[in-house]
DNA sequence: TAGATACTTGACTATTTTAGTCGGGTTTAT
DNA sequence: ATAAACCCGACTAAAATAGTCAAGTATCTA
């Protein structure tokens, strides 16, 4: 059970972006340098973030990215969802509530994994980008 | 962020074992059939569970496994720990609290991932095997 | 005591996922 | 014009996962 780099990087990059998101767009190159994340990889990640309207791009020289919503309105859920970082505890599909592992009844632990998924997702739904930026600057002082 | 089969199977198998753990040891063959888990794979898993003293083995004909503690005293944490299902949110080592990704300061999101890890581990520490068995039988009635 | 049942151990392997890289674009400020 | 930046799809090496397989050893029962 581990978080992937993609999800981790997405959050790191967005916190960085939120911090430097004053007047000018922030270039991926800057984020790459500050956070130590490969530029090519960042481009993949931001492409997804843009498609989900979490950021906006500004093309051309002096371009970059800006947040597309207020930091308060961007939750971890949104970020993870955008980059396909899903919480998956179990194989069985959500829709077919009845059958797990091909059997006609739910597996013995089905409810447990559901509960765990909810527990984790709750955490992600409560945390906003703003929380993270604040938490970060507070602790630096 | 997903749970591995090893962890999932370990819990499923132990719930099964706890349910049928009356007088006689339960054979892996039975668990394999009931839960649809490969026998060879189960053997690997139970080998680890035995080394961590969660189960006891009874060799020979009519042998099998029995719980080594009361179901109430076996927490999810213990099970996951035994089969190396760890919650890992971040690369940086716990010990070197100071440096993430080779830099001298913590990464922007370090505290977040710590918090997440704790959140998940709390869940695992609270759930016992007994809870799972009860939850399961209750819902069947 | 033979045979069956079941645990024990370690090595091996196919598949999938992850974490990128690479090469070629297009857009726009200066 | 040109450099800085975004844009996009294909490719790939490495790691992790989810097993399989083979060759045991122990113990019960007939």
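Chains as they are written, first to last, in the working numbering: chain A, 14 to 154; chain B, 14 to 154.
Idealized CB from N, CA, C, for every residue including glycine.
Residues that residue i bridges to, as DSSP identifies them
i: residue 101/A; result: 15/B
i: residue 80/B; result: 68/B
i: residue 141/A; result: 88/A
Chain B within 7 Å of residue i, Cβ atoms only
i: residue 35/A; result: no
i: residue 30/A; result: no
i: residue 131/A; result: no
i: residue 68/A; result: no
i: residue 134/A; result: no
i: residue 101/A; result: yes
i: residue 24/A; result: yes
i: residue 125/A; result: yes
i: residue 88/A; result: no
i: residue 85/A; result: no
i: residue 149/A; result: yes
i: residue 109/A; result: Bear in mind that a pLDDT of 44 at residue 109/A, under 50, signals an unreliable position, so the number given afterwards is only what the model happens to contain. Not closer than 7 Å to any Cβ of chain B, the Cβ of residue 109/A fails to qualify, so no.
Candidates the options, of which the one nearest residue i by Cα
i: residue 150/A; options: 135/B, 124/B, 140/B; result: 124/B
i: residue 21/A; options: 84/A, 83/A, 95/A; result: 95/A
i: residue 24/B; options: 84/A, 81/A, 47/A, 122/A; result: 122/A
i: residue 45/A; options: 139/A, 101/A, 144/A, 26/A; result: 26/A
i: residue 91/A; options: 70/A, 48/A, 141/A; result: 141/A
i: residue 100/B; options: 53/B, 137/B, 62/B, 59/B; result: 137/B
i: residue 14/B; options: 98/A, 43/A, 31/A; result: 98/A
i: residue 134/B; options: 148/B, 103/B, 93/B, 119/B; result: 93/B
i: residue 147/B; options: 38/B, 57/B, 31/B, 130/B; result: 31/B
i: residue 73/A; options: 39/A, 58/A, 86/A, 132/A; result: 39/A
i: residue 128/A; options: 145/B, 131/B, 48/B; result: 145/B
i: residue 76/A; options: 89/A, 41/A, 48/A, 47/A; result: 41/A
i: residue 119/A; options: 34/B, 47/B, 19/B, 35/B; result: 47/B
i: residue 79/A; options: 67/A, 139/A, 58/A, 89/A; result: 67/A
i: residue 65/B; options: 50/B, 82/B, 51/B, 54/B; result: 82/B
i: residue 19/B; options: 37/B, 36/B, 56/B; result: 56/B
i: residue 62/A; options: 126/A, 102/A, 51/A, 89/A; result: 89/A
i: residue 36/B; options: 126/B, 85/B, 71/B; result: 71/B
i: residue 87/A; options: 28/A, 60/A, 16/A; result: 28/A
i: residue 85/A; options: 143/A, 139/A, 16/A; result: 143/A
Three-state secondary structure (DSSP) of residue i
i: residue 39/B; result: strand
i: residue 32/A; result: helix
i: residue 51/B; result: coil
i: residue 147/A; result: helix
i: residue 75/B; result: coil
Extent of the continuous alpha helix (DSSP H) run through residue i
i: residue 121/B; result: No alpha helix (DSSP H) contains residue 121/B, which DSSP labels as neither H nor E.
i: residue 92/A; result: 89-95
CB contact below 7 Å: residue i versus chain A
i: residue 65/B; result: no
i: residue 46/B; result: no
i: residue 122/B; result: yes
i: residue 80/B; result: no
i: residue 61/B; result: no
i: residue 15/B; result: yes
i: residue 145/B; result: yes
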